[in-house]
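For the record, in the sequence shown the residue sitting at position 98 is 97 according to numbering that gives the first Met the number 0, with numbers rising by one throughout.
Ideal placement from N, C-alpha and C gives every residue a C-beta, glycine not left out.
Quick notes on the structure that follows.
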Amino acid sequence: MSLELSLQFGAFPKAAEHRRIVTPARARRWIAMALAAPAELAVRIVGADEGQALNRQYRGKDYATNVLTFDYLREPVVSADLVLCGPVVEREAKEQGKSLEAHYAHLLVHGALHAQGYDHELGEREALEMEALEVLLMGALGYPNPY
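Structural data, given as structure tokens:
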């Protein structure tokens, strides 16, 4: 599968540690596993302030969330920006007893699926379908069930 990927990091505490975990090769592998079409994606890992500002501006929710997907085009090429909030991802990984690497892998798979039209917020059937696919993809990548 063809994937053009831009990986960017904002400034936040422990950003260097996150950069060592989310390498271009790993991000490409994780995302490519979830793609059913060629894609052009930008992934930006940001701090809490930037994450909160984007979530407030685009979703009307005044807090930083783990991943935001901005999908622009689905055919013939998937075009999207994925924004992950590093501090939120780190906090969630600790709370859920996951490695930071496994949580990033899951959220990039999750975001790539959103970019292709999957949406767990449409209803229970859609949520179950998306979660089942995520479990399969994470297993294929060698990670445990993220749920």
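Residues bridged to residue i [DSSP beta-bridge criterion]
{"i": "Ser5", "result": "Ala41"}
Beta-carbon proximity list for residue i, same chain, < 6 Å, skipping 5 on both sides
{"i": "Gly85", "result": "Phe11, His17 and Ile44"}
{"i": "Lys13", "result": "none"}
{"i": "Ser1", "result": "Pro37"}
{"i": "Pro151", "result": "Only positions 0 to 146 of the chain appear in the structure, and residue 151 is not among them; the question remains open."}
{"i": "Ser98", "result": "none"}
Beta-carbon proximity list for residue i, same chain, < 8 Å, skipping 5 on both sides
{"i": "Ala104", "result": "Arg25, Trp29, Met137, Leu140 and Tyr142"}
{"i": "Lys60", "result": "Asn54"}
{"i": "Ala126", "result": "His119 and Glu120"}
{"i": "Val108", "result": "Trp29, Ile30, Met32, Ala33, Glu133, Leu136, Met137 and Leu140"}
{"i": "Arg73", "result": "Ala36, Ala114, Gln115 and Gly116"}
Beta-carbon separation (whole angstroms), residue i vs residue j, contact threshold 8 Å
{"i": "Ala47", "j": "Val87", "result": "7 Å"}
{"i": "Gln115", "j": "Val76", "result": "The Cβ separation is near 11 Å, so there is no contact."}
{"i": "Glu49", "j": "Gly9", "result": "5 Å"}
{"i": "Glu133", "j": "Leu112", "result": "7 Å"}
{"i": "Leu4", "j": "Arg19", "result": "The Cβ separation is near 18 Å, so there is no contact."}
Nonlocal neighbours in the same chain, by C-beta distance under 7 Å from residue i, ignoring five residues either side
{"i": "Tyr62", "result": "Gln51 and Asn54"}
{"i": "Met71", "result": "Per the sequence shown, the amino acid found at residue 71 is Tyr instead of Met. Here the set comprises Ser78 and Ala79."}
Only counting runs of 3 or more residues, tell me where the beta strand (DSSP E) segments fall wholly within the segment 38-115, in order along the chain.
Along the length of the segment 38-115, whole beta strand (DSSP E) runs at least 3 residues long occupy 38-45, 66-72 and 77-84, reported in chain order.
Is the segment 126-146 in contact with the segment 57-75, if contact means three or more CB pairs nearer than 8 Å?
no
Would you be able to state if there are at least three C-beta pairs under 8 Å between the segment 118-137 and the segment 75-83?
no
Quick check: the segment 38-57 against the segment 91-102, are at least 3 beta-carbon pairs closer than 8 Å?
As far as the Cβ criterion goes, the segment 91-102 does not touch the segment 38-57, which means the pair count is below three.
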